[in-house]
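Note that the sequence shown covers residues 1 to 326 in the UniProt record's numbering. See structure below.
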Amino acid sequence: MQISIYTYIFGAILCLGLMLLIMPHLITYLHKIKFGQTEREEGLASHKVKNGTPTMGGIAFILIPTVVYLVFALCHWVPIDMRSGIILLAFIGYGIIGFIDDYIIVVQKNNEGLKPGAKFALQSVLAIVFFLLYMQTDVAMDLWIPIANIHIPLGPFYFVIIYFMFTAETNAVNLTDGLDGLCAGQMIIALVPFVIFAQRAKMDHIAFLIVLLIASLLGYLKFNKHPAQIFMGDTGSLALGGFFAAMAMVLKQEILLILIGGVFVVEVLSVVIQVTHYKRTHKRIFRMAPLHHHFEKGGMSETQVVHRFWLAGVVLSILGFIIGVM
């Protein structure tokens with residue numbers, strides 16, 4: 001089903017408008033119930049002023065595009081199928097895991113949050129569920145290699161790809177959410193090429209869903225830019241990681257997910273490298289991990305780091321787009 005450009009515009013404006021309307025009330029409410037951020041003791045001194053800033057703002061940009069998409073589907077303006085269902089389930093499912101984590105930290109005052117083992121187990125269960133759902137679609141279980149334009153059939157071994165995509169991407173996006181506006185802005189940049197990929201694959205409804213999320217994130221970014229009035233929390237970051245991975249899986253862009261989401265990849269790799277090296281040598285490679293804190297400790301301001309990371313994301317998105325349409 002081809003979706004009218006007017007439907008895209010209406011949906012985007014509706015999501016953006018709802019975000020701009022709802023966010024101030026959400027911020028006030030979260031302040032009232034004291035759902036505030038608690039910065040780590042070992043964190044940067046410049047971040048201590050963020051203590052008490054409302055968190056769990058991701059609830060808004062999860063619910064608004066999801067509800068708008070479902071309403072449009074009920075009105076038969078856009079179709080809904082297993083592909084869009086998988087993406088929405090990943091979006092909401094990983095958001096719920098993040099919400100549990102945030103709830104433990106904020107309400108139960110336990111800064112450790114959800115135990116790493118429990119969080120990883122829940123992420124793994126969802127990855128298995130998505131693989132089982134994916135098997136019900138007509139999308140081939142193969143890996144597309146860009147440039148060479150070849151498809152490598154994997155059969156049931158495709159589960160390894162899905163498992164890695166979901167567990168790695170959700171954690172990578174989560175780690176990137178450490179500076180005002182960084183994660184939301186980077187996700188907007190990374191999502192743009194996939195709108196075109198979805199349209200080229202004749203999956204206009206997936207392109208429409210991506211556009212709704214981009215518009216919602218733009219609305220969120222107005223309140224999350226420095227100095228942030230609200231944070232997305234694990235609720236938002238894990239949801240975005242789940243959406244990003246599911247979208248790439250459905251569109252058969254697993255390889256380009258790594259390239260276009262290169263900033264997320266580098267962020268998580270910086271943590272892995274830092275922890276592994278420190279355990280072996282008791283010395284640090286980076287001043288602080290994730291990588292964005294390394295540059296902050298080097299003297300760059302928070303906004304300078306964010307803008308440079310966004311620029312890197314733009315370059316990677318353009319490169320990924322060019323490769324994807326070759």
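For each residue, glycine too, the CB sits at the ideal point set by N, CA and C.
Query: When we look at the beta-carbon of P153 and count the other beta-carbons within 10 Å, is it buried (16 or more) or exposed?; Result: exposed
Query: Check whether the Cβ atoms of G261 and A215 lie closer than 9 Å to each other.; Result: no
Query: DSSP three-state label for H293, please.; Result: helix
Query: Mind reading off the beta-carbon distance from Q253 to G324? Whole number of angstroms is fine, and I expect it under 8 Å.; Result: 7 Å
Query: Nearest to residue 334 by alpha carbon, out of V305, F99 and L18?; Result: This structure does not reach residue 334, given that the chain is present from 1 up to 326, and the question cannot be answered.
Query: Suppose contacts are defined by Cβ-Cβ distances below 9 Å. Is F309 in contact with Q186 by that definition?; Result: yes
Query: In terms of residues, what are the limits of the beta strand (DSSP E) holding W144?; Result: D142 to I145
Query: For P153, name the three-state secondary structure that DSSP assigns.; Result: strand
Query: Output the distance between the C-alpha atoms of V271 and V106, rounded to the nearest integer angstrom.; Result: 24 Å
Query: The alpha helix (DSSP H) that contains H205, what's its start and end?; Result: D204 to N224
Query: Check each candidate in Y69, G58 and T53 and name the one with the smallest Cα separation from I13.; Result: Y69
Query: Kindly give me the distance between the Cβ atoms of N174 and G219, rounded to whole angstroms, as I take these residues to be in contact under 8 Å.; Result: So it is not a contact: roughly 21 Å between Cβ atoms.
Query: Would you report the Cα separation of S4 and I86, rounded to the nearest angstrom?; Result: 23 Å
Query: Might you give, ordered along the chain, the residues of its own chain that have their beta carbon closer than 6 Å to the beta carbon of F264, omitting 5 neighbours on each side?; Result: A172, V173 and T176
Query: Give me the residue from P54, M19 and V78 with the minimum Cα distance to Y6.; Result: V78
Query: For P227, collect the residues of the same chain with a Cβ closer than 7 Å to its Cβ; drop the 5 residues on either side in sequence, then sort them by chain order.; Result: D180
Query: According to the neighbour-count rule (16 or more other Cβ atoms, all chains shown, within 10 Å of its Cβ), is S317 buried or exposed?; Result: buried
Query: Output yes or no for whether 9 Å exceeds the beta carbon distance between H292 and V305.; Result: yes
Query: Which complete beta strand (DSSP E) runs does the stretch 78-145 hold, if anything under 3 residues is left out?; Result: 142-145
Query: Could you give the DSSP three-state label for G262: helix, strand or coil?; Result: helix
Query: For the alpha helix (DSSP H) that A148 lies in, which residues bound it at each end?; Result: Careful: A148 lies outside any alpha helix (DSSP H) and carries neither H nor E.
Query: Residue range of the alpha helix (DSSP H) that G298 falls in?; Result: Looking at the DSSP string, G298 is not in any alpha helix (DSSP H), and its letter there is neither H nor E.
Query: Take every Cβ of the stretch 160-167, pair it with every Cβ of the stretch 293-300, and state whether three or more of those distances are shorter than 8 Å.; Result: no
Query: Quick test of your reading: I230 and G57, contact by CB under 8 Å. State the CB separation rounded to the nearest angstrom.; Result: 4 Å
Query: As a quick exercise: from K283, G11, I9 and P54, pick the residue whose alpha carbon is nearest that of P24.; Result: P54
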